[in-house]
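A.B. asks:
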Amino acid sequence: MSKLVDVVVVVAAVVVVVVVVIVVVVVIVVVVVVVVVVVVVAAVNCASFTFAVSLFLLAWPHVVGQTWVGDVVAVGDLALERLVRQGLTRQQHHGKASRARHNRKIQLLVGLNFLGHVEKYKKMKKQKKKKKKKKKKKKKKKKKKKKKKKKKKRRRFFSKFKIHACTF
Numbered sequence: 003m004s005k006l007v008d009v010v011v012v013v014a015a016v017v018v019v020v021v022v023v024i025v026v027v028v029v030i031v032v033v034v035v036v037v038v039v040v041v042v043v044a045a046v047n048c049a050s051f052t053f054a055v056s057l058f059l060l061a062w063p064h065v066v067g068q069t070w071v072g073d074v075v076a077v078g079d080l081a082l083e084r085l086v087r088q089g090l091t092r093q094q095h096h097g098k099a100s101r102a103r104h105n106r107k108i109q110l111l112v113g114l115n116f117l118g119h120v121e122k123y124k125k126m127k128k129q130k131k132k133k134k135k136k137k138k139k140k141k142k143k144k145k146k147k148k149k150k151k152k153k154k155k156r157r158r159f160f161s162k163f164k165i166h167a168c169t170f
């Protein structure tokens, strides 16, 4: 009996140790992935820390390679689209620097393969560009009216009689 008890205790101890090791490894992997994603997103100037964490929470099944992505996608579909839109359109200033940041953000999202939302985003951008811009109305400058000089009427006495002056 004592040998049987010893075997059970040893097996239980081994199982506990294995479970603890697995849990610790999983926690370490998750923490490392979170840190990597947050650092990458922050480096690419995406909106903020919360934006990075939100992206991670929605995308980590892809990163870790889980198979139950369907549920996460169904729940986070609209949220992810909104986050992508916010992150990519946060800075809409024109210029080379902001364009480079914008391109890096798209590269990051393409690299993590975010469920084709980048394609949706690009289509939305094209549609926005197609919209006609309203023309600004130019203010008409008021022209100053020039005062007309009154011409002095020359009185011609002889013109009444249709007689030329030279006839006299």
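Sequential numbering of the sequence shown, starting at 3, is according to this note's numbering. Glycine included, every Cβ here is placed at the ideal spot set by N, Cα and C. Predicted, not measured: the structure shown is a model, and the values here were computed from it.
1. Using the beta-carbon count (16 or more within 10 Å), is G67 buried or exposed?
2. Determine the DSSP secondary structure at K152, reduced to helix, strand or coil.
3. Taking only three categories from DSSP, how would you classify K128?
4. When you compare only the Cα positions, how much space is there between V32 and I24?
5. Going by DSSP in three states, K5 sits in which element: helix, strand or coil?
6. With 16 other CB atoms within 10 Å as the buried threshold, where does V19 fall?
7. Please list, in chain order, all residues of the same chain as V22 whose beta carbon is under 6 Å from its beta carbon, the five residues on each side excluded.
8. Just to confirm my understanding: we take V16, look at its own chain, exclude 5 residues before and 5 after, and list those with CB closer than 7 Å. What are they?
9. Under a Cβ-count criterion, where at least 16 other Cβ atoms within 10 Å of its own Cβ denotes burial, should V39 be classed as buried or exposed?
C.D. replies: The relevant details are as follows:
1. Residue mapping note: residue 67 aligns to position 65 of the sequence shown, counting from 1. Residue placement at G67 cannot be trusted, given a pLDDT of 46 that sits under 50; what the coordinates show is reported in the next sentence. Exposed.
2. By 1-based counting over the sequence shown, the position of residue 152 is 150. Coil at K152, not helix or strand.
3. Within the sequence shown, the letter at position 126 stands for residue 128. K128 falls in the helix class under three-state DSSP.
4. The residue you call residue 32 lines up with position 30 of the sequence shown. The residue you call residue 24 lines up with position 22 of the sequence shown. Roughly 12 Å between the two C-alpha positions.
5. Position 3 of the sequence shown, counting from 1, holds the residue named residue 5. Helix, per DSSP.
6. In the sequence shown, counting from the first residue as 1, residue 19 sits at position 17. Exposed, since its Cβ has fewer than 16 Cβ neighbours within 10 Å.
7. Here the question's residue 22 lines up with position 20 in the sequence shown. Same-chain partners within the cutoff: there are none.
8. Looking up residue 16 in the sequence shown gives position 14. If we look at V16 and ignore the five residues flanking it on each side, it has no Cβ neighbours.
9. Looking up residue 39 in the sequence shown gives position 37. V39 is buried by the Cβ-count criterion.
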